[in-house]
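The sequence shown begins at 1 in UniProt numbering and counts up by one. First up is the structure itself, then whatever we jot down about it.
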Amino acid sequence: MEGLTKIDDLGKPRVVIVGGGFGGLELAKALAHAPVQVVLIDKQNYHTFQPLLYQVASAGLDEGDIVSPFRKILNEQENFYFRLAEVQSVDPVAQIVETSIGCVRYDYLVLATGATTNYFGDEVMAKNAIAIKSVEDALELRNTVLCNFEQALQLGDMEQLNSLLDFVIVGGGPTGVEIAGALSELRTHVFPKDYREIDFKEMDIHLVQSGPVLLKGMSANASKRALESLEKFGVQVWLDARVKSYDGYTATLNNGQQLVARTLIWAAGVTGAPVQGLDASCLLPGNRYAVDHYNRVRGYENVFAIGDIALMKTDDYPDGHPMVAQPALQQGRRLGKNLHRVLTHRLMEPFHYDDKGAMATIGRNHAVADIKLFGKEYHLDGFIAWLAWSVVHVVSLIGFRNRLMVLLQWTWSYFSYDKGLRYIIGKTKAPLVEADMEEGKAII
1 MEGLTKIDDL GKPRVVIVGG GFGGLELAKA LAHAPVQVVL IDKQNYHTFQ PLLYQVASAG
61 LDEGDIVSPF RKILNEQENF YFRLAEVQSV DPVAQIVETS IGCVRYDYLV LATGATTNYF
121 GDEVMAKNAI AIKSVEDALE LRNTVLCNFE QALQLGDMEQ LNSLLDFVIV GGGPTGVEIA
181 GALSELRTHV FPKDYREIDF KEMDIHLVQS GPVLLKGMSA NASKRALESL EKFGVQVWLD
241 ARVKSYDGYT ATLNNGQQLV ARTLIWAAGV TGAPVQGLDA SCLLPGNRYA VDHYNRVRGY
301 ENVFAIGDIA LMKTDDYPDG HPMVAQPALQ QGRRLGKNLH RVLTHRLMEP FHYDDKGAMA
361 TIGRNHAVAD IKLFGKEYHL DGFIAWLAWS VVHVVSLIGF RNRLMVLLQW TWSYFSYDKG
421 LRYIIGKTKA PLVEADMEEG KAII
């Protein structure tokens, strides 16, 4: 067919996977020995370990420590092909995926496009806030924080200076809690050494949560301990509060409170990232595809969705599984086995989520963890939870090099109280604030 992108035809059924996040990558690996051709399409050529993006944003890790190229991960898988492209639409009748580099034919299509930041239709917020959903976002946030302090050194006006030092974080889930804790550590141990002229007692960190508790979905113990730790670290937590507007300088809460800050970090929610072409009836609120217990998209026999983009309603999860890594990983593995069963003329097996619990770190020696093992649930906090969180995240990284580099960097930071990756390279959202000048000349 004219317009088809060049991919060797192996004479086997072709499984096209759109998106190389946790679910898509796990599915590709699960199909290594299946009698199929696996084609992964992604607009990046690497997998990102998203749970540690906030560490890149807070200068704790290098971006290269949490990413790994798809071709390197799967270079020994003979039935694997990768194409760097952006998917534009799907034609389910012709069984074609239209991309920025041409069309790709499929026998089985798996959508693993994940989620994107949800600003709930607030275009002004989307323009002025910074999210943490990608490596580019994390680098932009790190650059912005550092640029703010560089500019603060030039200001004599206290209101302008404080606006550069203060931060508002919207969303009290794991991302919001972790970035708040990381900023408080930097304020205590790192920034006073780098910027000796600045009084960091003036640096305020605000965490705004729309509900009555932090870490919704985790245990009451985890929520309580997280709040206590953040308050101990000097983070001002606003519960049952919502940011109504933010113009790049002032964040206005629904209770009338106004918080002045040049940097607002948005961690308040996500929405699915669907592709065009499928029937609108299979898309549910939240832009997630309705799937059955085999991850088939409603109304299609050979189109599947896994991970954050999929909404599978069950008795235990009437609103779908949580949009975190574990459901995506487990759905990827199960779908890999089910596609193999289909090709060998066996019935598919339904997906059952094995909830292993959840974790969040707040700072040095402080974390919370709800761990489910052998039918029992354990609630950890403090140093033990922090150690468990560290081990789980190091082990979960892809590739020996990444695990080693993260372990070494964390060990160095722990004993030196230093985060050495404080350089400004690339995009920043830091505003240009003019210093007090006389006749256009600043005297330093």
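By construction, the Cβ of each residue, glycine as well, lies at the ideal position given by its N, Cα and C atoms.
Of all alpha-carbon atoms in Glu-86, His-321, Ile-101, Arg-105, the one lying nearest the alpha-carbon of Gln-95 is that of Arg-105. Residues of the same chain with a CB within less than 7 Å of the CB of His-340, apart from the 5 flanking positions on each side, are Ala-34 in chain order. When beta bridges are read from the DSSP output, Phe-351 appears opposite no residue. Between the alpha carbons of Lys-356 and Ser-134 lies a gap of roughly 25 Å.
If you keep only unbroken beta strand (DSSP E) runs of at least 3 residues inside the stretch 180-232, you get 205-208. The beta carbon of Phe-22 sits closer than 6 Å to the beta carbons of Ala-325, Ala-328, Leu-329 from its chain, once the five residues preceding and following it are set aside; these are given in chain order.
Secondary structure note for Phe-415: its alpha helix (DSSP H) is the uninterrupted segment 400-416. Asp-199 counts as exposed, since fewer than 16 other beta carbons sit within 10 angstroms of its beta carbon. Spatial neighbours of Gly-336 in its own chain (CB-CB distance under 6 Å, excluding positions within 5 residues in sequence) are listed in chain order as Leu-27, Ala-30, Leu-31. Setting aside the 5 residues that flank it on each side, Glu-197 is surrounded in the same chain by Leu-153, each with a C-beta closer than 8 Å to its C-beta; the list follows chain order. Beta-carbon to beta-carbon, Leu-40 and Leu-52 are separated by about 22 Å, too far to satisfy the 8 Å threshold. As the crow flies, the alpha-carbon of Val-110 is around 12 Å from that of Val-87.
Taken through DSSP and simplified to helix, strand or coil, Leu-397 comes out as coil. Looking at the DSSP output, Pro-69 sits in a beta bridge with Tyr-46. Under the 10 Å beta carbon count, Met-158 is surrounded by fewer than 16 other beta carbons and is classified as exposed.
With fewer than 16 other beta carbons inside 10 angstroms of its own, Lys-216 counts as exposed. Here the stretch 73-80 makes no contact with the stretch 232-240; the two share fewer than three CB pairs at distances below 8 Å.
In this structure, the CA atom of Ser-413 is about 15 Å from the CA atom of Gly-181. Counting the other CB atoms within 10 Å of its CB gives Asn-255 a total below 16, which places it among the exposed residues. Using a Cβ distance threshold of 7 Å, Arg-288 and Ile-309 count as a contacting pair.
Beta-bridge annotation (DSSP): Thr-99 is paired with Val-87, Gly-102.
Here Tyr-417 is exposed: its Cβ has fewer than 16 other Cβ atoms, across all protein chains shown, within 10 Å. In this structure, Met-125 lies near Tyr-246, with their beta-carbon atoms less than 7 Å apart. Taking the Cβ atoms as the reference, Val-260 lies roughly 10 Å from His-206, outside the contact range of under 8 Å. DSSP places Thr-144 in the uninterrupted alpha helix (DSSP H) bounded by 135-152. In this structure, Val-243 sits away from Val-190, with a CB-CB distance that is not shorter than 7 Å.
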